[in-house]
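Reviewing the structure listed below.
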C-alpha cells in the first residue's frame, strides 16, 4: 500500500505555499519529512491527510500492484492513522476510554458498543505500546512521552497500514525521542508505513529509510540518509 503525492500545489491568494510536490509514502518504509520552520511541512502534512484541499496535482492511494484508487481525500480514513502536531488533551477521560474511542464509528450513533473485533484490536495496541500501567489514569496526568505512547496505541488500534505523525517528537526529551523512533522502526519492520514530520535532522538520519527535505514549499531532496549526508553535510 502506498500514497502517491504528484505535483501537488497549494496557494494563499497567489503565493505558493506548496509548489509541485511529489512524494511517496509506502508500507514497510520509514520516511522523514524535514525542513526549517515555515518551510511548509505542516501544510503538506494536512494536504496529504485531506484536511485542506490542494489546487493542482493529485494524491492517490495505490495497492502493491500499482493500481490506482480514488483520490485520497475521499477515503483517507481507510488507510491512514494520524497524530497531528497539536492535540487537545481529552478532558476528564481515563486512558482506557481514550483508546476505546479509536474504534468509534461516526455512523454508529449513541448505541455504539465495542465489538469483539474492536476489543481485540485495542488489546493488541495496548500490549504493543506497553501502556497497561496508564489505563486507569487520567490522560491529562501523563507526561509528554506517555501521552505520545497512548496516541500511538490509539493509532495502532485503528489497524491502518500507514501512520502519519506531525512533529510528535517536539515535547519529548533526548532519550524518549530515541525510544519513540526505535518503536516506530519496529512497526515498519512489521509492515507499517511511517511518515514522520520533524525538524530533528539527527534523528531522521539515524532512523529513516528515506528523508525528504522541504524548502520554501518545494521538495529539494528525497533519498536515503547516506545521500542526504553527501548532499547537505559535506
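Numbering (this note's numbering), first residue to last: 38 to 271. For every residue, glycine included, the Cβ atom is placed at its ideal position computed from N, Cα and C.
DSSP beta-bridge partners of residue i
{"i": "residue 68", "result": "232, 247"}
{"i": "residue 203", "result": "234"}
{"i": "residue 119", "result": "201"}
{"i": "residue 41", "result": "61, 97"}
{"i": "residue 48", "result": "53"}
{"i": "residue 31", "result": "No answer is possible for residue 31: the residues shown for the chain start at 38 and end at 271."}
{"i": "residue 252", "result": "255"}
{"i": "residue 131", "result": "175"}
Whether residue i touches residue j by CB criterion (7 Å)
{"i": "residue 201", "j": "residue 119", "result": "yes"}
{"i": "residue 251", "j": "residue 78", "result": "yes"}
{"i": "residue 204", "j": "residue 122", "result": "yes"}
{"i": "residue 172", "j": "residue 139", "result": "no"}
{"i": "residue 71", "j": "residue 256", "result": "no"}
{"i": "residue 80", "j": "residue 55", "result": "yes"}
{"i": "residue 248", "j": "residue 265", "result": "yes"}
{"i": "residue 197", "j": "residue 73", "result": "no"}
{"i": "residue 95", "j": "residue 135", "result": "no"}
{"i": "residue 181", "j": "residue 209", "result": "yes"}
{"i": "residue 260", "j": "residue 64", "result": "no"}
{"i": "residue 166", "j": "residue 194", "result": "no"}
{"i": "residue 46", "j": "residue 83", "result": "no"}
{"i": "residue 230", "j": "residue 76", "result": "no"}
Three-way DSSP call (helix, strand, coil) for residue i in this model
{"i": "residue 149", "result": "coil"}
{"i": "residue 89", "result": "coil"}
{"i": "residue 126", "result": "coil"}
{"i": "residue 54", "result": "strand"}
{"i": "residue 258", "result": "strand"}
{"i": "residue 112", "result": "helix"}
{"i": "residue 24", "result": "Residue coverage of the chain in this structure runs from 38 to 271, which leaves residue 24 outside it and unanswerable."}
{"i": "residue 242", "result": "helix"}
{"i": "residue 263", "result": "helix"}
Residue closest to residue i, alpha-carbon to alpha-carbon, out of the options
{"i": "residue 100", "options": "53, 153, 40", "result": "40"}
{"i": "residue 224", "options": "245, 208, 236, 90", "result": "245"}
{"i": "residue 253", "options": "52, 42, 43", "result": "52"}
{"i": "residue 130", "options": "170, 162, 178", "result": "178"}
{"i": "residue 211", "options": "142, 237, 149", "result": "237"}
beta-carbon residue i near the ligand COA non-hydrogen atom, thresh 6 Å
{"i": "residue 189", "result": "Annotation note on the ligand COA: not contained in the displayed structure, which lists no ligands."}
> At what residue ranges does the segment 151-231 contain a whole run of the beta strand (DSSP E), taking only runs of 3 or more?
Replying inline: 199-203
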